[in-house]
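A.B. asks: Sharing a structure below in structure tokens format, with a few things to ask.
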């Protein structure tokens, strides 16, 4: 961790405002964003209707850390084309009865901590083959 901080890959500060200054963000904007996040942790809901928060997710105890992050596609995936309900589709777009697929067997892309269409499943069959 210390090596990453020394090289500027990770930032550490005792206040949110100081942390923002280290990586060139607006200190007031970051402080307001963290305050909104903390409020969501208390109400267990945010302005977008997400309910994935808990009081364990509060950002209140220094030191505070930040690092650059960007979505990354490490591979693209050919594979099965699926419909809204994960049914495998023929070339003409009609579903193959009883054949469903999800995850990296489907057409899509994958990146760090992501699977195609956000699902972590393999090919599965229901009913007739």
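Residue numbers (our numbering): 7 to 135. Ideal Cβ positions, reconstructed from N, Cα and C, are used throughout, including at glycine.
What residue does the alpha helix (DSSP H) around residue 25 start on, and which one ends it?
C.D. replies: 22-28 is the span of the alpha helix (DSSP H), which, as asked, contains residue 25.
A.B. asks: Which whole-angstrom value is the C-beta distance of residue 17 and residue 76, which I expect to be below 8 Å?
C.D. replies: With 8 Å as the limit, residue 17 and residue 76 do not qualify as a contact, their Cβ atoms being about 16 Å apart.
A.B. asks: Starting from residue 36, trace the beta strand (DSSP E) both ways and give me its first and last residue.
C.D. replies: That residue, residue 36, is in no beta strand (DSSP E); its alpha helix (DSSP H) goes 33-49.
A.B. asks: Closest to residue 23 by CA distance: which of 40, 13 and 103 is it?
C.D. replies: Here the closest residue by C-alpha is 40.
A.B. asks: Apart from the five residues on each side of it in sequence, which residues of its chain come closer than 8 Å, Cβ to Cβ, to residue 37?
C.D. replies: So the list reads 22, 23 and 26, once near-sequence residues are dropped.
A.B. asks: So residue 102 is in the beta strand (DSSP E); what residue range does that whole segment cover?
C.D. replies: Element bounds for residue 102: 101-106.
A.B. asks: List the endpoints of the continuous alpha helix (DSSP H) containing residue 9.
C.D. replies: Per DSSP, residue 9 belongs to the alpha helix (DSSP H) from 8-12.
A.B. asks: Do you know offhand how far residue 57's Cα is from residue 113's?
C.D. replies: Cα to Cα, residue 57 sits roughly 29 Å from residue 113.
A.B. asks: Just checking my contact of residue 105 with residue 94 at CB under 8 Å: how many whole Å lie between their CB atoms?
C.D. replies: Yes, they are in contact, since the Cβ atoms of residue 105 and residue 94 sit about 4 Å apart, within 8 Å.
A.B. asks: Could you tell me which residues DSSP pairs with residue 112 in its beta bridges?
C.D. replies: Beta-bridge pairing links residue 112 to 86.
A.B. asks: Determine the contact status of residue 65 and residue 44, defining contact as a CB-CB distance below 8 Å.
C.D. replies: Closer than 8 Å, so yes.
A.B. asks: Residue 18 bridges to which residues according to DSSP?
C.D. replies: Paired residues: 71.
A.B. asks: Which residues share a DSSP beta bridge with residue 93?
C.D. replies: Answer is 106.
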